[in-house]
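Residue numbers (the numbering used here): 28 to 311.
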């Protein structure tokens with residue numbers, strides 16, 4: 028069975044970018060794309076008691092009217108969800124994606140992804156959702172939940188897609204970072220791209236050997252790979268490197284054993300994803 032990409036859309040500004048990223052990945056890997064929109068449990072009407080101390084008959088009529096409004100709103104939410112999926116399907120069709128499916132589900136997004144990710148190669152999600160405060164740079168509320176729960180690589184789409192040529196890999200020598208190297212080496216997604224493996228810290232023989240070993244694995248897979256060592260705080264040093272050197276994508280392990288560990292699960296995740304204007308691939 029051809030593996031699929033699960034693309035999560037919510038109708039936000041990032042939804043079109045998620046579809047553009049999915050089309051690019053599908054074009055390079057031949058994967059099918061499944062577009063998923065989840066109607067969260069929060070999308071219900073206000074459940075506060077509006078009846079107060081009015082008489083029984085009037086209260087009964089009011090509650091019946093509220094129930095009718097609730098049913099109407101539920102229908103509108105479903106219609107909106109279908110419209111979001113139709114828009115996503117149209118974007119992917121225009122990008123010549125060969126195999127597209129759409130899925131509208133009710134419930135919790137993390138639980139839904141867990142149910143359907145078994146035959147997926149990766150998960151795509153936008154950096155921010157429709158409820159995020161763009162002015163304050165808030166990230167989507169489901170982003171970290173998805174990263175924590177998913178057993179597949181998660182790609183956090185940037186606000187606007189641009190073709191990827193240069194890839195930066197944040198490497199700390201940990202098991203998760205090695206998995207990221209393995210993922211890059213084995214995936215057709217990275218074929219022909221320029222890859223730089225970088226670590227944050229002071230140069231040492233051990234650090235250099237780890238980087239050389241990682242780049243050797245990539246070169247053995249036929250990739251162009253080089254290494255770099257940068258000093259400073261991981262979240263700022265790597266973000267500056269992405270911007271200054273024109274990288275189009277950042278790849279990193281979701282867990283580690285050094286300062287880079289906090290980039291994904293912890294407070295530094297927010298700062299890193301806020302700072303980077305390119306898609307970030309998180310590998311467990």
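Where a beta carbon is used, it is the ideal one built from N, C-alpha and C, also for glycine.
Q. In whole angstroms, what is the alpha-carbon distance linking residue 170 and residue 183?
A. For residue 170 and residue 183, the distance between alpha carbons rounds to 8 Å.
Q. What residue range is occupied by the uninterrupted beta strand (DSSP E) comprising residue 64?
A. First-last of the beta strand (DSSP E) with residue 64: 59-66.
Q) In three-state DSSP terms, what is residue 184? A) Assigned with DSSP and collapsed to three states, residue 184 falls in strand.
Q) DSSP three-state call for residue 105: helix, strand or coil? A) Here residue 105 carries a helix assignment [DSSP, helix/strand/coil].
Q: Determine, using beta carbons only, whether residue 152 and residue 35 come nearer to each other than 7 Å.
A: Yes, the Cβ-Cβ distance between residue 152 and residue 35 is below 7 Å.
Q: Evaluate residue 159 with the Cβ neighbour count: other Cβ atoms within 10 Å of its Cβ, from every protein chain shown; 16 or more gives buried, anything less gives exposed.
A: Caution applies to residue 159, whose pLDDT of 49 falls short of 50 and renders its modelled position unreliable; the value that the coordinates give is listed next. That one is buried.
Q: Return the first residue and the last residue of the beta strand (DSSP E) that residue 193 is part of.
A: Element bounds for residue 193: 193-197.
Q. Do you know how far the Cα of residue 193 is from the Cα of residue 150?
A. Rounded to the nearest angstrom, the two C-alpha atoms are 21 Å apart.
Q | Sequence-distant residues of the same chain with beta carbon closer than 7 Å to residue 229, five excluded per side | A | Counting only Cβ-Cβ distances below 7 Å, and skipping sequence neighbours, we find 258.
(Q) Counting C-beta neighbours from all protein chains within 10 Å, is the total for residue 53 16 or more, i.e. buried, or is it exposed? (A) With 16 or more other Cβ atoms within 10 Å, it is buried.
Q. Nearest to residue 124 by alpha carbon, out of 100, 87, 60, 105?
A. Residue 60 is the option with its Cα nearest to residue 124.
Q: Identify every residue that forms a DSSP beta bridge with residue 130.
A: BP columns for residue 130 point to 63.
Q.
Here's the rule: buried if 16 or more other CB atoms are within 10 angstroms of the residue's CB, otherwise exposed. What is residue 100?
A. Its Cβ having fewer than 16 others within 10 Å, residue 100 is exposed.
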